[in-house]
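J.: First, the structure itself, so that you have it in front of you.
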């Protein structure tokens with residue numbers, strides 16, 4: 102949607118599908134702020150990579166005026182806090198599902214390895230943070246106030262999540278980064 106021209110004959114149809122998906126996801130967010138490994142299956146573990154991706158989609162929707170800031174901003178804030186809470190002292194997001202091939206077998210998904218600091222979650226968290234920066238530029242202050250407070254607390258505790266996150270992203274792209 103972000104890159105599809107608003108006058109495209111497909112724009113309204115895709116926007117309607119996006120809104121349906123976002124509304125359905127919002128109803129399946131756990132009380133902690135995360136989404137489960139199998140969305141809608143409360144017996145599956147809370148999984149941060151999907152949580153970061155869904156929160157990113159919410160923030161982009163708010164930033165572009167497709168979703169209500171109060172309604173979806175609240176859900177995005179809950180997700181952000183849950184992900185930050187799942188980080189270790191080095192900024193590694195915990196309990197990320199290992200890359201998973203598609204299979205029609207619940208146990209296949211339930212028994213996936215839990216990885217710590219995997220780019221499957223680290224990168225979407227960076228996307229989410231970038232979207233929050235855009236929200237601030239657009240004056241969406243309700244959306245970003247919690248994120249700022251949490252980031253400032255982490256920095257006071259000498260936890261610079263940015264260094265860990267950006268290093269992994271740049272290294273994954275084959276670049277070098279020194280701190």
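Residue numbers (my numbering): 102 to 280.
Cβ coordinates follow ideal geometry from the N, Cα and C atoms, glycine included.
Under the three-state reduction of DSSP, which class applies to residue 197: helix, strand or coil?
T.: For the purposes of this step, residue 197 is taken as residue 96 along the chain shown, with counting starting at 1. Here residue 197 sits in strand by DSSP.
J.: Residue 281: buried (16+ other C-beta within 10 angstroms of its C-beta) or exposed?
T.: Any question about residue 281 goes unanswered here, given that the chain covers just 102 to 280.
J.: Measuring straight from C-alpha to C-alpha, what distance separates residue 280 and residue 125?
T.: Looking up residue 280 in the chain shown gives position 179. Looking up residue 125 in the chain shown gives position 24. Reliability fails at residue 280, whose pLDDT of 37 lies under 50, so the model's placement of it is uncertain and the value that follows must be treated cautiously. When rounded, the distance between both Cα atoms is 41 Å.
J.: Using a threshold of 8 Å, state whether the C-beta atoms of residue 232 and residue 213 are closer than that.
T.: The sequence position of residue 232 within the chain shown is 131, counting from 1. The sequence position of residue 213 within the chain shown is 112, counting from 1. Result no, Cβ atoms of residue 232 and residue 213 do not sit closer than 8 Å.
J.: Jot down the residue ranges of each uninterrupted alpha helix (DSSP H) in the segment 157 to 244, minimum 4 residues, whole runs only, in chain order.
T.: Counting whole runs of 4 or more residues, the segment 157 to 244 contains the alpha helix (DSSP H) stretches 170 to 186, 207 to 211 and 220 to 238.
J.: Which of the three DSSP states, helix, strand or coil, is assigned to residue 278?
T.: Here residue 278 corresponds to residue number 177 of the chain shown, with the count starting at 1. Unreliable placement is indicated for residue 278, whose pLDDT of 42 sits below 50; no coordinate value is reported for it.
J.: Could you compute how far the alpha carbon of residue 186 sits from the alpha carbon of residue 130?
T.: Residue numbering aside, residue 186 sits at position 85 when the chain shown is read from its first letter. Residue numbering aside, residue 130 sits at position 29 when the chain shown is read from its first letter. Taking the straight line joining both Cα atoms gives about 16 Å.
J.: Under 8 Å between the Cβ atoms of residue 241 and residue 163?
T.: Residue mapping note: residue 241 aligns to position 140 of the chain shown, counting from 1. Residue mapping note: residue 163 aligns to position 62 of the chain shown, counting from 1. For residue 241 and residue 163, yes; Cβs fall inside 8 Å.
J.: Restricting to Cα atoms, I'd like to know which of 195, 159, 105 and 165 is closest to residue 184.
T.: Here residue 184 refers to the residue found at position 83 when the chain shown is read from its first residue. Among 195, 159, 105 and 165, the Cα nearest to that of residue 184 is on 195.
J.: Could you tell me whether the Cβ of residue 204 comes closer than 8 Å to any Cβ of chain B?
T.: Absence of chain B from the displayed structure is noted, only one protein chain being present.
J.: State buried or exposed for residue 208, treating a residue as buried only when at least 16 other CB atoms are found within 10 Å of its CB.
T.: Counted from its first residue, the chain shown places residue 208 at position 107. Counting Cβ neighbours within 10 Å, residue 208 comes out exposed, since fewer than 16 surround it.
J.: Buried or exposed: which applies to residue 115, given that a residue is buried once 16 or more other Cβ atoms fall within 10 Å of its Cβ?
T.: Locating residue 115 in the chain shown gives position 14, counting from the first residue. Label assigned to residue 115: exposed.
J.: Measure from the alpha carbon of residue 206 to the alpha carbon of each residue in 192, 139 and 175, then state which is nearest.
T.: In the chain shown, counting from the first residue as 1, residue 206 sits at position 105. Closest option to residue 206, Cα to Cα, is 139.
J.: Quick one: residues in its chain with C-beta nearer than 8 Å to the C-beta of residue 110, no 5 flanking neighbours on either side, listed in chain order?
T.: Along the chain shown, one-based indexing puts residue 110 at 9. Cβ neighbours of residue 110 beyond the five flanking positions: none.
J.: Please report how far the alpha carbon of residue 278 lies from the alpha carbon of residue 222, in whole angstroms.
T.: Position 177 of the chain shown, counted from the first residue, corresponds to residue 278. Position 121 of the chain shown, counted from the first residue, corresponds to residue 222. Note on residue 278: pLDDT 42, under 50, position unreliable in the model; the coordinate value appears next. Cα to Cα, residue 278 sits roughly 20 Å from residue 222.
J.: Using the Cβ count rule (16 or more neighbours within 10 Å means buried), how would you classify residue 220?
T.: In the chain shown, residue 220 corresponds to position 119, counting from 1. It is buried - the Cβ of residue 220 has at least 16 other Cβ atoms within 10 Å.
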